[in-house]
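Going by numbering that gives the first Met the number 0, the first residue of the sequence shown is number 0, and it counts up by one from there.
Where a beta carbon is used, it is the ideal one built from N, C-alpha and C, also for glycine.
Quantities reported herein were computed from a predicted structural model and do not represent experimental measurements.
Structure record follows, encoded as structure tokens.
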Amino acid sequence: MNLRVDLHLHTTASDGRWPPERLVAEVRQAGIGLFAVTDHDSLDSLAPTLCLVRGSGLRLLPGVELSSQWEGQWYHLLAYGVDGQDADFRAFVAANQARLRQVGDDAIALLVQAGWPIPLDEYETYTWDRRRGGWKALNFLLDYGFCADLPGYFALFHEVGFPPTHFATPPEVIAAVRRAGGVVILAHPGAYFTNGLDRARLDRLIEAGVQGLECYSSHHDAARTGELVDYCRRRDLLITGG
């Protein structure tokens with residue numbers, strides 16, 4: 000049986016451009032039979048998407064992409080098969096979402112401290128069309144002409160530095176996901192290992208409880224994908240893509 004799969008999709012609940020209705024329509028149009036909504040630190044689109052696929056023949060794997068931090072490195076951990084109604088897990092995700100929003104607010108504050116003429120009162124009340132994708136700080140700086148695109152946004156912080164972040168560690172994320180009945184996959188490993196595959200660091204994440212790798216990703220070329228697949232097969236890990 001051949002089944003088209005995409006296990007890494009975002010909606011307007013985080014930085015995606017499509018609300019659940021549009022996402023489901025696009026999934027169907029693409030001939031995908033199994034998919035996962037994995038918004039950054041948000042479960043808001045899970046219930047609406049479940050309603051949309053009910054009786055449609057499409058299969059949805061509940062998921063979320065959780066921000067995590069360990070030894071100075073920011074990791075994205077994909078949680079699949081979680082109980083989206085679990086109160087403790089929802090609270091964990093909500094706390095992560097609050098931290099993620101704080102990063103954007105702190106980024107704006109850093110620019111203000113560096114002398115950028117940013118109208119903070121307007122930032123506080125700023126809203127944007129979520130179908131644009133991205134996040135509040137990014138869209139605000141785009142709309143006010145401080146940057147022209149995503150690379151330009153990050154370039155603003157090369158001199159002033161990036162705000163400190165305080166996300167849960169991978170072991171803490173893994174424990175929360177497992178209590179909610181899910182499994183944990185390391186998202187797009189190539190985003191963290193830009194100078195070659197750091198097998199020692201991967202080993203530590205696996206020992207901490209990561210159960211697989213997102214081997215197939217736009218972050219990876221064919222050679223990197225092959226390395227990751229080989230690593231997973233040698234360690235008997237789950238292999239995902241999206």
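Item	Value
In this structure, how does DSSP classify residue 276 when only helix, strand and coil are distinguished?	Absent from the structure is residue 276, since the part of the chain shown begins at 0 and ends at 241.
I need the straight-line Cα distance from residue 46 to residue 38, nearest angstrom please.	13 Å
Suppose you measure from the CA of residue 110 to the CA of residue 34; what does that come to, to the nearest Å?	39 Å
What residue does the alpha helix (DSSP H) around residue 206 start on, and which one ends it?	198-207
If you follow the beta strand (DSSP E) that residue 214 is part of, which residue opens it and which one closes it?	211-215
Measuring alpha carbon to alpha carbon, tell me which of 220, 234 and 2 ends up nearest residue 56.	2
If you follow the beta strand (DSSP E) that residue 124 is part of, which residue opens it and which one closes it?	Neither: residue 124 is in no beta strand (DSSP E) and is coded neither H nor E.
I need the boundaries of the alpha helix (DSSP H) containing residue 47, first residue and last residue.	45-52
Can you have a look at residue 149 and say buried or exposed, based on whether 16 or more other CB atoms are within 10 angstroms of its CB?	exposed
Anyone know if the C-beta pair for residue 63 and residue 52 falls short of 8 Å?	no
Counting only runs of 4+ residues fully inside the region 165-189, write out the alpha helix (DSSP H) ranges in chain order.	169-178
Report the CB separation of residue 16 from residue 130 in whole angstroms; it is logged as a contact under 8 Å.	5 Å
Considering only residues of the region 61-114, which uninterrupted beta strand (DSSP E) runs meet the minimum length of 3 residues and lie entirely inside it, listed in chain order?	72-79
Tell me, to the nearest whole angstrom, how far the beta carbon of residue 164 is from that of residue 209; I am working on the premise that it is less than 8 Å.	That belief does not hold up - the Cβ atoms of residue 164 and residue 209 are roughly 20 Å apart, past 8 Å.
Could you tell me if residue 194 is buried or exposed, where buried requires 16 or more neighbouring beta carbons within 10 angstroms of its beta carbon?	exposed
Who are the Cβ neighbours of residue 187 in its own chain at under 6 Å, not counting the five residues just before and after it?	213, 216 and 218
Tell me residue 151's beta-bridge partners as DSSP assigns them.	None, per the DSSP bridge assignment.
Once DSSP output is grouped into helix, strand and coil, what is the label at residue 16?	coil
I'd like to confirm the pairing. Which residues does DSSP put opposite residue 39 in its beta bridges?	64
Can you find a C-beta in chain C that's less than 8 Å from the C-beta of residue 5?	In the displayed structure, chain C is absent; only one protein chain is listed.
Got a sec, what are the start and stop residues for the alpha helix (DSSP H) residue 239 sits in?	Residue 239 -> not in any alpha helix (DSSP H); beta strand (DSSP E) instead, spanning 237-240.
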